[in-house]
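Colleague:
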Amino acid sequence: QKEVEQNSGPLSVPEGAIASLNCTYSDRGSQSFFWYRQYSGKSPELIMFIYSNGDKEDGRFTAQLNKASQYVSLLIRDSQPSDSATYLCAVRSDGQNFVFGPGTRLSVLP
Amino acid sequence: EPEVTQTPSHQVTQMGQEVILRCVPISNHLYFYWYRQILGQKVEFLVSFYNNEISEKSEIFDDQFSVERPDGSNFTLKIRSTKLEDSAMYFCASSGGLADTQYFGPGTRLTVL
């Protein structure tokens, strides 16, 4: 059974701070990793993806992947109240479908 | 910007009735998916579809479920005899290639009474 784990939160950070979201996965053969943001009652919206070990930056977002530790994280710099949402980690192994984590609820306090 | 669309946005049905949820994937995408999310729970994979056939399905996708691409644009999910536990948000997604990002539609909220 392929599992993806995330702290459910809520994670509260003050506006302007760095929010750090973590995800671990069980399948060592996993190949690609995605972060989605989901506002309440809405569909998942892609933030970024990462395939290789190391860091990948896109604007205020940085994804970090460590395949040896089976760990992927998302850093959000200069957090804004509009970043308040649930962040979903999705992992794809050798198939096509994603295995989603339960999500971490982020609250950015003004 | 192209997007996945889904209809209806909300469907209410009686237990035992059949429902069809509709999706229009992004036009040049080749891979199509259905996921569901029960309220307060995680997003769960149901089925993937490529080249007019199912390529993967989960344990959730039992004989009560079926998918179809009836024409060049629509992708449907049918639940033959709905149960109370089928109440959830159903998301359609599509991707251009096997290893590509999946883009999600806005979802259909299914309520089974």
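So the sequences go chain by chain: H and B.
Just so it is clear: in the first sequence, position 54 is 40 by my numbering, and no numbers are missing.
Just so it is clear: in the second sequence, position 2 is -3 by my numbering, and no numbers are missing.
Where is the CB? At the ideal position from N, CA and C, for every residue including glycine.
Could you give the uninterrupted runs of the beta strand (DSSP E) lying entirely in the region 59 to 100 of chain B, keeping only those of 3 residues or more?
Modeller: Runs found: 60 to 63, 70 to 74 and 83 to 90.
Colleague: Going along the chain, which residues of its own chain have a beta-carbon closer than 6 Å to the beta-carbon of H/Thr10, five neighbours each way excluded?
Modeller: To locate residue 10 of chain H, count along the first sequence from 1; it is residue 24. Excluding positions up to five away in sequence, the list reads Glu(-9), Gln56 and Tyr57.
Colleague: My understanding is that H/Ser6 touches H/Leu51, with C-beta atoms under 8 Å, so please give their C-beta distance in whole angstroms.
Modeller: If you number the first sequence from 1, residue 6 of chain H lands on position 20. If you number the first sequence from 1, residue 51 of chain H lands on position 65. Contact flag wrong, Cβ pair sits at about 14 Å.
Colleague: Beta-carbon of H/Phe(-4) versus every beta-carbon of chain B: anything under 8 Å?
Modeller: Numbered from 1 along the first sequence, position 10 holds the residue referred to as residue -4 of chain H. As written in the sequence, residue -4 of chain H is Pro, which differs from the Phe given in the question. Not one chain B Cβ lies under 8 Å of H/Pro(-4).
Colleague: Should B/Gln97 be flagged as near chain H, meaning a C-beta pair shorter than 8 Å?
Modeller: Position 102 of the second sequence, counted from the start, is the residue given in the question as residue 97 of chain B. Yes, its Cβ sits closer than 8 Å to a Cβ of chain H.
Colleague: Mind listing the chain B neighbours of H/Asn39? Cutoff is C-beta to C-beta under 8 Å, in chain order.
Modeller: In the first sequence, residue 39 of chain H corresponds to position 53, counting from 1. Correct list: empty, because the minimum Cβ distance to chain B is about 17 Å.
Colleague: Any idea if B/Pro20 is buried or exposed, counting beta-carbon neighbours within 10 angstroms, 16 or more meaning buried?
Modeller: Here the question's residue 20 of chain B lines up with position 25 in the second sequence. Result: buried.
Colleague: Short check: CB of B/Tyr45 to CB of B/Leu25, under 8 Å?
Modeller: Position 50 of the second sequence, counted from the first residue, corresponds to residue 45 of chain B. Position 30 of the second sequence, counted from the first residue, corresponds to residue 25 of chain B. It is a contact, given that the beta carbons lie within the stated cut-off.
Colleague: I'd like to check one pair, B/Lys37 with H/Gly87: are the Cβ atoms closer than 8 Å?
Modeller: Residue numbering aside, residue 87 of chain H sits at position 101 when the first sequence is read from its first letter. Residue numbering aside, residue 37 of chain B sits at position 42 when the second sequence is read from its first letter. The answer is yes: Cβ separation under 8 Å.
Colleague: Checking the sheet assignment: what are the DSSP bridge partners for H/Arg14?
Modeller: Counting from 1 along the first sequence, the entry for residue 14 of chain H is found at position 28. According to DSSP, which records beta bridges pairwise, H/Arg14 is partnered with nothing at all.
Colleague: Tell me the rounded alpha-carbon separation between B/Asn23 and B/Gly91.
Modeller: As a working mapping, residue 23 of chain B is identified with position 28 in the second sequence. As a working mapping, residue 91 of chain B is identified with position 96 in the second sequence. Taking the straight line joining both Cα atoms gives about 7 Å.
Colleague: Can you give the beta carbon distance from H/Arg91 to H/Leu(-3), rounded, assuming they're within the 8 Å contact cut?
Modeller: By 1-based counting over the first sequence, the position of residue 91 of chain H is 105. By 1-based counting over the first sequence, the position of residue -3 of chain H is 11. Yes, H/Arg91 and H/Leu(-3) are in contact; Cβ-Cβ is about 7 Å, under 8 Å.
Colleague: From the beta carbon of H/Gly89, is the nearest beta carbon of chain B less than 8 Å away?
Modeller: If you number the first sequence from 1, residue 89 of chain H lands on position 103. Chain B contact via Cβ: present.
Colleague: Cβ closer than 7 Å: which chain B residues qualify as neighbours of H/Ser29?
Modeller: The residue you call residue 29 of chain H lines up with position 43 of the first sequence. Within 7 Å Cβ-Cβ: Phe86, Phe99, Gly100, Pro101 and Gly102.
Colleague: Tell me, to the nearest whole angstrom, how far the beta carbon of B/Glu39 is from that of B/Ile55; I am working on the premise that it is less than 8 Å.
Modeller: The residue labelled residue 39 of chain B in the question sits at position 44 within the second sequence. The residue labelled residue 55 of chain B in the question sits at position 60 within the second sequence. Right, the Cβ-Cβ distance comes to about 6 Å (below 8 Å), so this counts as a contact.
Colleague: With DSSP run on the structure shown, which of helix, strand or coil describes B/Asp57?
Modeller: By 1-based counting over the second sequence, the position of residue 57 of chain B is 62. Here B/Asp57 sits in coil by DSSP.
Colleague: Looking at the strands, I want to know which residues DSSP matches up with H/Asn8.
Modeller: Within the first sequence, numbered from 1, the residue matching residue 8 of chain H stands at position 22. H/Asn8 pairs with H/Ser59.
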